[in-house]
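Undergrad: Could you have a look at this structure, given as structure tokens, before my questions?
2 protein chains.
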Amino acid sequence: MAGPTLRDVAKRANVSIRTVSNVVNGYAPVSDELRARVQVVLDELGYRPNLIARNLKQGRTGMIALVVPELDVPYFAELVREVITAARAQGYVVMVDQTDGDAERERELLARDSRATMFDGLLLSPLAISAEDLRGRGNRVPIVLLGEHIFNGSFHHVAIDNVAAAREATAHLLEQGRRRVAAIGDQPYATGETAQLRTSGYRQAHARLGLAVDDRLIVPTPRFHRRLGLEAMEHLLALPDPPDAVFCYNDLLALGAMRALTRAGRRIPDDVAVIGIDDIEEGQYSTPSLTTVAPDKAEIARLAVDILLQSINGTATTPSELVVPHRLIVRESTAT
Amino acid sequence: MAGPTLRDVAKRANVSIRTVSNVVNGYAPVSDELRARVQVVLDELGYRPNLIARNLKQGRTGMIALVVPELDVPYFAELVREVITAARAQGYVVMVDQTDGDAERERELLARDSRATMFDGLLLSPLAISAEDLRGRGNRVPIVLLGEHIFNGSFHHVAIDNVAAAREATAHLLEQGRRRVAAIGDQPYATGETAQLRTSGYRQAHARLGLAVDDRLIVPTPRFHRRLGLEAMEHLLALPDPPDAVFCYNDLLALGAMRALTRAGRRIPDDVAVIGIDDIEEGQYSTPSLTTVAPDKAEIARLAVDILLQSINGTATTPSELVVPHRLIVRESTAT
DNA sequence: TGAAAGCTCTGCAACGATGCAGACATCATG
DNA sequence: CATGATGTCTGCATCGTTGCAGAGCTTTCA
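Chains as they are written, first to last, in the numbering used here: chain A, 352 to 687; chain B, 352 to 687.
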């Protein structure tokens, strides 16, 4: 079961444990002859360093944890991919966990008996957790937040400018002459910060054109899933004066909404135009393909990992708020 | 930076380190009075056990690694979710990594300097790696393979019956009277075992009805991505005698194929019926929704984690080949 | 009353690796 | 030739925890 240790190798090669360690790490000066001799034994026994022991001594694990609400939500899946890639480039591996948007579980992850000590740092995409929870914890491990900024200045944080993104998405629809633009995805309660920022952007776009917002066209959804987008759209279609365009707070909602429209026999974009946020790959292959606002996910991941590692190394200064660029990608669902 | 240790607590509470450890773990008998006194100090200092040290002593980490080709492929994302859930139920956490189907990278993961010693076990969904590679490694950590069985009996293995799944999918199309059923996704080379099994099933379905297979309708693709499905479908449509149905080796290929069909103005399923494998959520919301063969992903994850933990505990017997049930789900893309 | 048994609690060693201080041999230098 | 510098190699202590053996005290019972 257990592999050979430095001791086993040392005994066999008739040298000290320390020398074997030096050979393995290429540290201290070791004569070429001895190095070769030890290397032979290393190979013979198939020695591999026990990383747990090494980590105990060095106080590092080379692992960071990444916690997202739901792994099978494409946006997060794509983000996780980028984070793993970015971390790997810096010699780190990533432990992934999901919370299912369950506040209890998010809290548990940070709490007393968690495995926090196993990781050098934590990337957290919070959904249900509050600032209170975060501050209350032992604060042992460096944290970087993804996609929210409700913790005003207490933590490092990486995200797009949600207000601007939403404003541009809405403006794109309004500029086409659409005048009943609905919004799907508002979350008017404590943990719905991202959604609220997007609602702000939606209102700003109207305000800048001097247009009034019909609040009945703002449909809240507790999560950003396809099914909820579908249901919200059905609700909107049942209104006496249904919308001629929909801004969905993410692509999944938009895909659900498009499904509802197609089923109801509405043409996209002729009868109703649809736009989302996230630029998940699925939107390129849907029928029609989906117009969206694309955050630079690779950049989010890269920056987040960078700051986290800086925090770990103690070279990070005060908590930073990093804003990552986004851009509008026009596809068939709003093509004129 | 570093948190308080057992020693710090012991010193402050005027007891031995061992006693503090006993209180923390509730192990040996400790008088209620002393236990309470120590607990107070534990809380005061906010003590948290150093899991690295504990693991070093116990030779376990409570972590397993899960390696998949691509995290942002929905099937794997959904599978990862299930694995994390299953592992959590057993008190384990999951480190996720992806190989991008790169043989080099898959090999590297198993090789000399990998972090293998950090994990109690490994779940691997191999793509480019060969049996040789697997056998050649130090064989330090228990392994369970997902979705392939090319390592005939050398490793634990969990998968659906790929031949049967493909046969049933193809039969579903043939039973509708379709007579030019194409197949997208064959991989006629060493590491394409899964694809080859599906091709076998495709042929079996024809054979059982006494029908000949037109080999020009079998389009190989190096990966199972949307884009490749789209391109393969375009190729098929350009044939002098194009197909009236397509069996795609996974849902992503099918979604790409449907995109090509829609763009070409073909009606689904009237002109061409489409079926996939995997039952990813996306297929429920596509237009049209996608008929598919659904593997029981939760069961795959549960079984895989179970065997892996049994291997870790030494209670697993000889390598087992576990077959997980699947079922046909008929949706609009083949509705009659 | 004395030995055995039971209950708490403690100290030492160990998991496998690395940091540090030095031992020893060799060599150059004045 | 003595001295110091240099180049190799080694042993001890240590990271924070747990396993083990037993110390010290009280209780129990013949």
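Ideal placement from N, C-alpha and C gives every residue a C-beta, glycine not left out.
Determine the direct distance from the alpha carbon of glycine 607 (chain B) to that of valine 623 (chain B), and round the result to whole angstroms.
TA: Residue mapping note: residue 623 (chain B) aligns to position 272 of the second sequence, counting from 1. Residue mapping note: residue 607 (chain B) aligns to position 256 of the second sequence, counting from 1. Rounded to the nearest angstrom, the two C-alpha atoms are 14 Å apart.
Undergrad: Could you tell me the alpha carbon to alpha carbon distance between glutamate 582 (chain A) and valine 644 (chain A), rounded to whole angstroms?
TA: Your numbering for residue 582 (chain A) matches position 231 in the first sequence. Your numbering for residue 644 (chain A) matches position 293 in the first sequence. Using only the alpha carbons, I get a separation of about 22 Å.
Undergrad: From the beta carbon of alanine 428 (chain B), is the nearest beta carbon of chain A less than 8 Å away?
TA: In the second sequence, residue 428 (chain B) corresponds to position 77, counting from 1. So, interface residue.
Undergrad: Could you tell me whether the Cβ atoms of proline 591 (chain A) and threonine 685 (chain A) are closer together than 8 Å?
TA: If you number the first sequence from 1, residue 591 (chain A) lands on position 240. If you number the first sequence from 1, residue 685 (chain A) lands on position 334. Not a contact, by the Cβ cut-off of 8 Å.
Undergrad: Is there at least one Cβ from chain B nearer than 8 Å to glycine 607 (chain A)'s Cβ?
TA: Your numbering for residue 607 (chain A) matches position 256 in the first sequence. Output row for glycine 607 (chain A): interface = yes.
Undergrad: Is it true that the CB of alanine 655 (chain A) sits closer than 8 Å to the CB of valine 495 (chain A)?
TA: Counting from 1 along the first sequence, the entry for residue 495 (chain A) is found at position 144. Counting from 1 along the first sequence, the entry for residue 655 (chain A) is found at position 304. For valine 495 (chain A) and alanine 655 (chain A), yes; Cβs fall inside 8 Å.
Undergrad: Measure from the alpha carbon of lysine 648 (chain A) to the alpha carbon of each residue in A:Ala428, A:Val366, A:Phe470 and A:Pro400, then state which is nearest.
TA: Taking the first sequence and counting its residues from 1, one reaches residue 648 (chain A) at position 297. Lysine 648 (chain A) has its Cα closest to that of A:Ala428, out of A:Ala428, A:Val366, A:Phe470 and A:Pro400.
Undergrad: Span of the beta strand (DSSP E) holding methionine 414 (chain A)?
TA: Sequence index remark: in the first sequence, residue 414 (chain A) carries index 63 (1-based). Run containing methionine 414 (chain A): 414-419, per the beta strand (DSSP E) assignment.
Undergrad: Tell me which residues of the stretch 572-586 of chain A have at least one Cβ-Cβ distance to chain B shorter than 7 Å, keeping chain order.
TA: Listed in sequence order: Arg577.
Undergrad: In terms of DSSP beta bridges, what is leucine 679 (chain B) paired with?
TA: Counted from its first residue, the second sequence places residue 679 (chain B) at position 328. Looking at the DSSP assignment, leucine 679 (chain B) forms a beta bridge with B:Val644.
Undergrad: Do tyrosine 398 (chain B) and the ligand FAD come close, with the Cβ less than 7 Å from some heavy atom?
TA: Summarising the ligand content, the structure contains no ligands, and the ligand FAD is consequently not present.
Undergrad: Within 10 Å of its beta-carbon, does glycine 410 (chain B) have 16 or more other beta-carbons around it, so buried, or fewer, so exposed?
TA: Position 59 of the second sequence, counted from the start, is the residue given in the question as residue 410 (chain B). Counting Cβ neighbours within 10 Å, glycine 410 (chain B) comes out exposed, since fewer than 16 surround it.
Undergrad: Valine 392 (chain B): which of B:Ile368, B:Arg577 and B:Asp537 sits nearest, CA to CA?
TA: Within the second sequence, the letter at position 41 stands for residue 392 (chain B). Looking at the Cα atoms, B:Ile368 is the closest of the given residues.
Undergrad: Alpha carbon to alpha carbon, how far is histidine 677 (chain B) from threonine 521 (chain B)?
TA: For the purposes of this step, residue 677 (chain B) is taken as the residue at position 326 of the second sequence. For the purposes of this step, residue 521 (chain B) is taken as the residue at position 170 of the second sequence. The alpha-carbon atoms of histidine 677 (chain B) and threonine 521 (chain B) are separated by roughly 15 Å.
Undergrad: Please tell me whether leucine 568 (chain B) and alanine 546 (chain B) are closer than 8 Å, where the distance is taken between their beta carbons.
TA: Walking along the second sequence from the start, residue 568 (chain B) turns up at place 217. Walking along the second sequence from the start, residue 546 (chain B) turns up at place 195. Against a cut-off of 8 Å, the Cβ pair of alanine 546 (chain B) and leucine 568 (chain B) comes out as no contact.
Undergrad: Step through the CB atoms of chain A and report whether any lies within less than 8 Å of the CB of isoleucine 435 (chain B).
TA: For the purposes of this step, residue 435 (chain B) is taken as the residue at position 84 of the second sequence. For isoleucine 435 (chain B), the answer is yes, since a Cβ of chain A falls inside 8 Å of its Cβ.
Undergrad: Along the stretch 363-379 of chain B, what residues have a CB closer than 7 Å to any CB found in chain A?
TA: Result list empty, no residue passes.
Undergrad: With a 10 Å radius around its C-beta and 16 neighbouring C-beta atoms as the bar for buried, classify arginine 562 (chain A) as buried or exposed.
TA: Reading the first sequence from its first residue, position 211 is the one you call residue 562 (chain A). The sequence as given places leucine at residue 562 (chain A); arginine does not occur at that position. By the 10 Å Cβ count, leucine 562 (chain A) comes out exposed.
Undergrad: CA-CA distance, glutamine 555 (chain A) and proline 670 (chain A)?
TA: Your numbering for residue 555 (chain A) matches position 204 in the first sequence. Your numbering for residue 670 (chain A) matches position 319 in the first sequence. Each residue's Cα considered, the two are about 29 Å apart.
Undergrad: Determine the closest residue to glycine 442 (chain A) out of A:Gly413, A:Glu384, A:Glu650 and A:Ser382, with distance taken between C-alpha atoms.
TA: Working through the first sequence from its first residue, we reach residue 442 (chain A) at position 91. When each option's Cα is compared against that of glycine 442 (chain A), the closest is A:Gly413.
Undergrad: Could you check whether threonine 638 (chain A) and valine 681 (chain A) sit closer than 8 Å to each other, using their CB atoms as the reference points?
TA: For the purposes of this step, residue 681 (chain A) is identified with residue 330 of the first sequence, where counting begins at 1. For the purposes of this step, residue 638 (chain A) is identified with residue 287 of the first sequence, where counting begins at 1. Not in contact: valine 681 (chain A) and threonine 638 (chain A) (Cβ atoms no closer than 8 Å).
Undergrad: Provide the residue(s) that pair with methionine 446 (chain B) in DSSP beta bridges, ordered along the chain.
TA: Translated into positions along the second sequence, residue 446 (chain B) becomes position 95. DSSP output for methionine 446 (chain B) lists A:Met446 and B:Ala416 as bridge partner(s).
Undergrad: For proline 477 (chain B), which residues does DSSP report across the bridge?
TA: Mapped onto the second sequence, residue 477 (chain B) falls at position 126. Answer is none; proline 477 (chain B) lacks a bridge partner.
Undergrad: Please compile the residues from chain B whose C-beta is within a distance smaller than 7 Å of the C-beta of tyrosine 553 (chain A).
TA: One-based indexing of the first sequence puts residue 553 (chain A) at position 202. Those within 7 Å of tyrosine 553 (chain A) in chain B number zero; the least Cβ separation is about 24 Å.
Undergrad: Count the other C-beta atoms from every protein chain shown that fall within 10 angstroms of the C-beta of arginine 358 (chain A), then say buried if there are 16 or more, exposed otherwise.
TA: Translated into the one-based positions of the first sequence, residue 358 (chain A) becomes position 7. With fewer than 16 other Cβ atoms within 10 Å, it is exposed.
Undergrad: Using the rule of at least 16 other Cβ atoms within 10 Å of the residue's Cβ for burial, across every protein chain shown, is serine 382 (chain B) buried or exposed?
TA: Residue numbering aside, residue 382 (chain B) sits at position 31 when the second sequence is read from its first letter. By the neighbour-count rule (16 or more Cβ atoms within 10 Å), serine 382 (chain B) is not buried but exposed.
Undergrad: Which partner residues of phenylalanine 598 (chain A) appear in the DSSP bridge assignment?
TA: By 1-based counting over the first sequence, the position of residue 598 (chain A) is 247. Phenylalanine 598 (chain A) is bridged to A:Ala534 and A:Ile626.
Undergrad: Could you compute how far the alpha carbon of glutamate 544 (chain B) sits from the alpha carbon of arginine 578 (chain B)?
TA: Counting from one through the second sequence, the residue named residue 544 (chain B) turns up at place 193. Counting from one through the second sequence, the residue named residue 578 (chain B) turns up at place 227. Glutamate 544 (chain B) and arginine 578 (chain B): Cα-Cα distance of roughly 22 Å.
Undergrad: Tell whether a beta-carbon distance below 8 Å holds between leucine 475 (chain B) and leucine 497 (chain B).
TA: Residue numbering aside, residue 475 (chain B) sits at position 124 when the second sequence is read from its first letter. Residue numbering aside, residue 497 (chain B) sits at position 146 when the second sequence is read from its first letter. Against a cut-off of 8 Å, the Cβ pair of leucine 497 (chain B) and leucine 475 (chain B) comes out as a contact.
Undergrad: How long is the line joining the alpha carbons of leucine 612 (chain B) and leucine 588 (chain A), rounded to whole angstroms?
TA: Looking up residue 612 (chain B) in the second sequence gives position 261. Looking up residue 588 (chain A) in the first sequence gives position 237. Leucine 612 (chain B) and leucine 588 (chain A): Cα-Cα distance of roughly 28 Å.
Undergrad: Can you tell me the Cβ-Cβ gap for alanine 364 (chain B) and valine 371 (chain B), rounded? I've got them flagged as a contact below 8 Å.
TA: Within the second sequence, numbered from 1, the residue matching residue 364 (chain B) stands at position 13. Within the second sequence, numbered from 1, the residue matching residue 371 (chain B) stands at position 20. Correct: roughly 7 Å between the Cβ atoms.
Undergrad: Closer than 8 Å, Cβ to Cβ, to anything on chain B: give me those residues from the stretch 385-403 of chain A, in chain order.
TA: For the stretch 385-403 of chain A, which is checked against every Cβ of chain B, the residues closer than 8 Å are Gly397, Arg399, Pro400, Asn401, Leu402 and Ile403.
Undergrad: Do we get a CB-CB distance below 8 Å when we pair asparagine 664 (chain B) with the residues of chain A?
TA: Locating residue 664 (chain B) in the second sequence gives position 313, where the first residue counts as 1. Chain A, which has no Cβ nearer than 8 Å to the Cβ of asparagine 664 (chain B), makes this no.
Undergrad: Select from the stretch 404-423 of chain A all residues with a C-beta closer than 8 Å to any C-beta belonging to chain B, and list them in chain order.
TA: Cβ contacts with chain B come from Ala404, Asn406, Leu407, Gly410, Thr412, Gly413, Met414, Glu421, Leu422 and Asp423.
Undergrad: Is the distance from the Cβ of asparagine 401 (chain A) to the Cβ of threonine 468 (chain B) below 8 Å?
TA: By 1-based counting over the first sequence, the position of residue 401 (chain A) is 50. By 1-based counting over the second sequence, the position of residue 468 (chain B) is 117. For asparagine 401 (chain A) and threonine 468 (chain B), yes; Cβs fall inside 8 Å.
Undergrad: Can the beta-carbon of leucine 396 (chain A) be found closer than 8 Å to that of proline 355 (chain A)?
TA: Taking the first residue of the first sequence as 1, we reach residue 396 (chain A) at position 45. Taking the first residue of the first sequence as 1, we reach residue 355 (chain A) at position 4. Result yes, Cβ atoms of leucine 396 (chain A) and proline 355 (chain A) sit closer than 8 Å.
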